[in-house]
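One structure is given here, and the rest of the page talks about it.
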Amino acid sequence: MTLSNAAHSVWAKSSGFESGRPTLWSPLTVHLADTAAVTQRCFDEWLTANQWELLVAGLPQDYPLEDRFEACRAFVSFIGGTHDIAKATPAFSCKVPDLDAVMGSFGLRHSVDNRAEVRELPHGLAGHIVLEEWLTRRGWGKSAVNAAASVVGGHHGIPPTQTEIQRAREHRLLGDGLWEEVREELLNWMANRTDLIVYEEMLKQARWSQSALVIIEGLLIMADWIASSEEYFPIFPLNSRLPRMLVEQPELHRQRVDEGWGKVGLLPPWEPQPLTASDRDILHARFDVPKGAVPRPIQKKAVEIARKMPAPGLLIIEDVMGSGKTEAGLMAAEILADRSNASGVMMVLPTQAMTDAMFARLIPWLERLQAQSDHPSMATVNLIHGKASLNQTFQELGYQSSEGFRSLELPDHATDVGIDEGGVGAAPSGRVTRNPWLYKKKAMLADFVVSTIDQLLMVALRTRHLALRHLGVSRKIVIIDEVHAVDAFMGVYLERALEWLASYGVTVVALSATLPPSLRKKLLDAYSRGLPEALKSEPVDLTDAAETQQFSRRRPKVTKPRPEPQTVLHYPAISYMDGGQVKTVGVEQAFPSRTVDLDFLDSEDLLSRVDELVGDGGCLLILRNTVRNAQETYHQLVETYGDDVRLMHARFAAQHRVENDEWLRSNFGPPGKGNDRPKRAIVVATQVAEQSLDIDFDAIITDLAPIDLIFQRIGRVHRHDREVRPPAMMTPSCYVLDVPELSDSQPGEQKSIEWNIYPPALLLRTAATLHKYRAQGLTLPDDMARLTYWVYDKTDEMPENWESAYRLLKSEYENDQKGSERAAKNFRLRKSGFKDGGLVEWLDDAPSDAEAHARARVREGDD
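Counting with this note's numbering, you get residues 22 to 884 for the letters of the sequence shown.
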């Protein structure tokens, strides 16, 4: 199809300004052709099987699967090739007078004298109107029209609202006459170029879910950013004949696209392999474990359930600290990735320190996983949090460049065992890499991501370019470590994020040592609400299935679970959805039960108790709830113990925090791994040492905190078997500071309750629990599930002397919880599902300063 000179004259980009006048430009025809081709490359070479399935599901099922697939391919390419169609309007052309004058010489004239009018009609919004009218004239159904138009309308990050659309429909700066003819010409040209014409009758009937449209929107934004980069797709001198040649000579344009796409260096999706080996072989192949080690019960059961549960689904693993939950989660995730056509893993944790520690553990696992694949390949990886640039492992990681790849070597102590056809194979030799294009808002597009939980919660936060985040996470298995750490505010976002993950067919694995049953139920219910109807049928057991269907394995189905008939207190335990039921399975304990001596300690006696404990050496952890109290305790102790005392909290400069975390792991980590445990050490810390760090102390002194956190803190005591412990700390002991006495009728007025950072109602219930167990101590894991349930969920029993104070504190706590939930809903994303309006108003009232503002909004209070 030959385009008119007027169509060729429309400009899309300008650069190289000298004295206010451009020296370089790109005509709209070239930019549209570039973006259409890049969108098609992304669809063909980067999109994953489960994402393809989501798009294909929106087309009439009476067409052959192969035709539906090709129709989706043509559609997304057409959307890429028309996203900037409204640059052929007076509202846009007037922005560069020199190029506007050239267009005017070919008849595209206007009279724009009011810049306020121009601002009223951004080209994304105008593109929505133009495409809506063109598709309607061609007989497309209302749903299909709105879907396509809203994607084009939102390609700059926020789809338009109905009010904006109504105002724009009659806007004079859309241009009429020749302007309309040129837009019609360009749309017809692109419809033929992308084969939309071939599949138009099918596409007219499309009914895409919002989840499918978000995938298309994310793909369009991704392709537009690539095609708009002058590094990958250079623009042209004003008098160059090359632009017209590129439009008229397909082979020449194909060479341009090949070169530009190659510079971006996006890798094909990571492909999981069927994992049929025994759980013991998997453990030895993937992790650095001693020879002869056998999987722990939670790991064996996680592998067993992952092989039979419906996928996609939600799997919740609960076990004591140090039991191997992380390994269990990764083993299950690898199996579930294969069964649900996922192409990567996202692991999230509550804090930056935990995230850094997990990243160091994940890289060797990923190297082994890649090397032991049937087709060893590269996989992209990202560490995402505010201080990731200070993480040495991340900075030294292999980096993808135009010269190729350099790989991070496995540590010297890495195992030589691999998996091959279900047994033992070769030594690891795979690679992981960073891609320079995958940063900032694009970081989530990497195959494997380790991040703070904020990055996952932001899936449910209305922010600009949210579709890119959804595009990235919809490809993966998501592992949420320490899921119990979410508060009421964060929980609002987590539940909505789970709904959207389910709508994409994303399998989620949640890990916790101290999960209240009420929170477990909320997670399962939220995930169930998001499952599309197509996945709500009886499950199919695909444990040994290998059947393929054109481009993907057949996905098992799962139904919406019914409410649990009663509170389940199995521990350790694994919960998952099976057909119409939630199943919770008790698991054998990994270790013999151990009792930690429990005693109370007044603050004024702290120094004397420290003297008693470390007089003959040993390693003591003192955990304070606030930085101020930690600093005060440190200054008191350092006068006596000097360099044997170390202070750690979250307000250190970023580089010092990284150094502190590494010092903790190297001095108090597992024995036999090069750790040099000091003869005497007193670590005064805040919550940075509370959980997800594999560190071991001889005893702990802790501020009063909710019972689940008390258990987490106790998990740092006698965590590893050691031949020698100091005489005063031979028995594991926990001393809790300033627990109110039962005789006190106003316990809420005690400093440890009233001035604590945790809710007083939970603290008082915890204090009552600790009084019950003071004489006998706390037994792990036997007491963990029962006492966590009692403090969080079974709130009708309290010591008689505390009942009046507790009722008041409980009412305040419930009101605070409701207030936090209401506040979180202000910027929460709407539910997933089908909307006839497509993505219109999907991000209504989204904050404009997306990333910085978002991090502050998914956590209540200071970042």
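Think of the CB as a built atom: it goes at the ideal place given N, C-alpha and C, for glycine as much as any other residue.
Here the structure is a predicted model, which is why all the values come from computation and not from measurement.
Pairing His486 with Thr454, the inter-Cα distance amounts to about 25 Å.
Within the stretch 468 to 511, the runs of beta strand (DSSP E) that reach at least 3 residues and sit entirely inside it are, in chain order, 469 to 473, 498 to 501. Note that the C-beta distance between Val166 and Glu185 is not below 8 Å. CA-CA distance, Phe113 to Tyr253, rounds to 24 Å. Each residue's CA atom was taken as its position, placing Glu339 and Val366 some 20 Å apart. Within the same chain, Cβ atoms closer than 6 Å to the Cβ of Thr44 are found at Gly37, the five residues on either side in sequence being excluded.
The alpha-carbon of Ile721 is positioned some 26 Å away from that of Asp765. The distance from the Cβ of Leu76 to that of Ala233 is about 5 Å, consistent with a contact at the 8 Å cut-off.
Along the stretch 599 to 678, the alpha helix (DSSP H) occurs as fully enclosed runs of 4 or more residues at 627 to 635, 648 to 662, listed in sequence order.
Under the three-state reduction of DSSP output, Cys755 falls in the strand class. Going by beta carbons, Leu642 and Leu791 fall outside the 8 Å limit.
Pairwise C-beta distances place the stretch 465 to 478 out of contact with the stretch 196 to 214, as fewer than three of them are shorter than 8 Å. The bridge partners DSSP lists for Pro258 are Leu45. Nearest to Trp229 by C-alpha distance, out of Ser164, Asp665, Val709, is Ser164.
Lys34: member of the beta strand (DSSP E) spanning 32 to 36, first to last residue.
Judged by pairs of C-beta atoms under 8 Å, the stretch 803 to 810 does not touch the stretch 846 to 858, as fewer than three such pairs exist. For the set Gly198, Gly41, Leu390, Gln610, the Cα lying nearest the Cα of Lys321 is the one of Gln610. Here Glu388 is not near Pro293, since their CB atoms are 8 Å or more apart. Counting every other CB atom within 10 Å of its CB across the protein chains shown gives Glu417 a total below 16, marking it as exposed. DSSP links Ser524 through a beta bridge to no other residue.
Here DSSP, grouped into helix, strand and coil, assigns Tyr597 to strand. Inclusion of Ala27 and Leu199 in the CB contact set at 8 Å is warranted, their separation being smaller than that value. In the structure shown, Ala534 falls within a coil segment according to DSSP collapsed to helix, strand and coil. Counting every other CB atom within 10 Å of its CB across the protein chains shown gives Asp302 a total of 16 or more, marking it as buried. In the structure shown, Met330 falls within a coil segment according to DSSP collapsed to helix, strand and coil.
Excluding the 5 residues flanking it on each side, Ile474 has same chain C-beta neighbours closer than 6 Å at Val369, Pro371, in chain order. The stretch 770 to 787 makes contact with the stretch 813 to 832; the number of CB pairs closer than 8 Å reaches 3 or more. Using a Cβ-Cβ distance cut-off of 8 Å, the stretch 91 to 98 and the stretch 175 to 192 are not in contact, since fewer than three pairs of beta carbons, one from each stretch, lie closer than that value. Minimum Cα-Cα distance from Ala378 among the listed residues Glu683, Ala400, Leu68 corresponds to Glu683. In the three-state reduction of the DSSP assignment, Asn777 falls in the coil class. The criterion of a C-beta distance shorter than 8 Å is satisfied by Ala33 and Pro48.
For Ala720, the three-state secondary structure derived from DSSP is strand. Counting only the Cα atoms, Val861 lies some 16 Å from His144.
Following the DSSP letters along the chain, one finds Thr809 in no beta strand (DSSP E) but inside the alpha helix (DSSP H) bounded by residues 805 to 813.
DSSP places Val366 in the uninterrupted beta strand (DSSP E) bounded by 366 to 370.
The beta carbon of Leu628 is closer than 8 Å to those of Gln657, Leu658, Thr661 in its chain, skipping five residues each way along the sequence.
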